[in-house]
Amino acid sequence: MRTNGIIEREGPLNAFLFGETIMIANPSEVLAHNDYLEIQVESEGNIIVEDQAFTKISSKSNIKIKVEGRGKRINWLLHPYLFYNDSSAEITNKFFLNEGKIVEAYILGRKMHKEKFSSGKIRSVTEIYVDGKLLIYDVFRVDGDSFKDKNLMGKEGLLAVYTINKKDDFDVKKEVIDGEKVGDKWLEEIYK
-2 MRTNGIIERE GPLNAFLFGE TIMIANPSEV LAHNDYLEIQ VESEGNIIVE DQAFTKISSK
58 SNIKIKVEGR GKRINWLLHP YLFYNDSSAE ITNKFFLNEG KIVEAYILGR KMHKEKFSSG
118 KIRSVTEIYV DGKLLIYDVF RVDGDSFKDK NLMGKEGLLA VYTINKKDDF DVKKEVIDGE
178 KVGDKWLEEI YK
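Read the sequence shown against the working numbering and you will find it ends at 189, with the numbers running on by one and no gaps.
Below, the structure written as structure tokens:
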């Protein structure tokens, strides 16, 4: 998707442009089997990117997601990823910007629905570039049931917030939390 007053798109994703905000609309919201999802957003100015709902990754899946955002100022505020038990995902996030805020959230299972996440394989890599130079490289990884180790994760939820004010002024905040609290924490963060 490119924004300069117009949106170009391919595939089942749809997007709506409201001023500086792009709303990504995924008709299924559920990724399964060997699905591949690619989102590219490019803007010459400031852009806010949102979506309409959690992205659910079903059991026994082996999905790939590739995200790329380019712009002077990007606020990337997509809903959390929700992983069902025994799901596999390879996620790549790349951002090229001068300043902005990227909020990423992950939930393993749906505790409130008694759908426990016992094991899976997840690798999500986030790269943030400022002035063409890599500023932040971060990895979230689940291999089997390793997330249960209190020294690694110990809970079902992770919220990561990357704030870039200038080339050398940035903050990375990562919080491991109970899965059922991720949605509320995510909302707090995107409305700051």
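Positions of the beta carbon are idealized from the N, C-alpha and C atoms, including for glycine.
For residue j and residue i, the rounded distance between their alpha carbons
i, j, result
"residue 42", "residue 178", "34 Å"
"residue 183", "residue 69", "24 Å"
"residue 54", "residue 38", "22 Å"
"residue 188", "residue 77", "15 Å"
"residue 142", "residue 52", "21 Å"
"residue 36", "residue 126", "17 Å"
"residue 110", "residue 176", "11 Å"
"residue -2", "residue 15", "With a pLDDT of 47 at residue -2, under the threshold of 50, the modelled position of that residue is not reliable, and the figure given next carries that caveat. Their Cα atoms are separated by approximately 14 Å."
"residue 84", "residue 167", "33 Å"
"residue 60", "residue 31", "5 Å"
"residue 33", "residue 162", "32 Å"
"residue 12", "residue 96", "23 Å"
"residue 0", "residue 64", "For residue 0, the predicted model reports a pLDDT of 49, less than 50, meaning its position is unreliable and no value from the coordinates is stated."
"residue 131", "residue 44", "20 Å"
"residue 19", "residue 67", "13 Å"
"residue 94", "residue 17", "15 Å"
Helix, strand or coil at residue i according to DSSP, with G and I counted as helix
i, result
"residue 117", "strand"
"residue 181", "helix"
"residue 144", "helix"
"residue 217", "No information on residue 217 is available, as it lies outside the stretch -2 to 189 that the chain covers here."
"residue 239", "The structure shown has nothing for residue 239, since the chain only spans -2 to 189."
"residue 153", "coil"
"residue 186", "helix"
"residue 26", "coil"
"residue 137", "strand"
"residue 81", "coil"
"residue 132", "strand"
Beta-carbon gap between residue i and residue j smaller than 8 Å
i, j, result
"residue 71", "residue 46", "yes"
"residue 156", "residue 174", "yes"
"residue 75", "residue 48", "yes"
"residue 137", "residue 105", "no"
"residue 87", "residue 120", "yes"
"residue 82", "residue 58", "no"
"residue 158", "residue 135", "no"
"residue 128", "residue 164", "yes"
"residue 113", "residue 160", "no"
"residue 122", "residue 89", "yes"
Range of the contiguous beta strand (DSSP E) that encloses residue i
i, result
"residue 87", "85 to 94"
"residue 65", "59 to 67"
"residue 166", "166 to 174"
"residue 37", "33 to 40"
"residue 12", "11 to 15"
"residue 47", "43 to 48"
"residue 53", "52 to 54"
The ligand NAP heavy atom lying under 7 Å from the CB of residue i
i, result
"residue 107", "The ligand NAP is not among the ligands present in this structure, which contains no ligands whatsoever."
Chain C within 8 Å of residue i, Cβ atoms only
i, result
"residue 131", "Among the chains in the structure shown there is no chain C, since it carries only a single protein chain."
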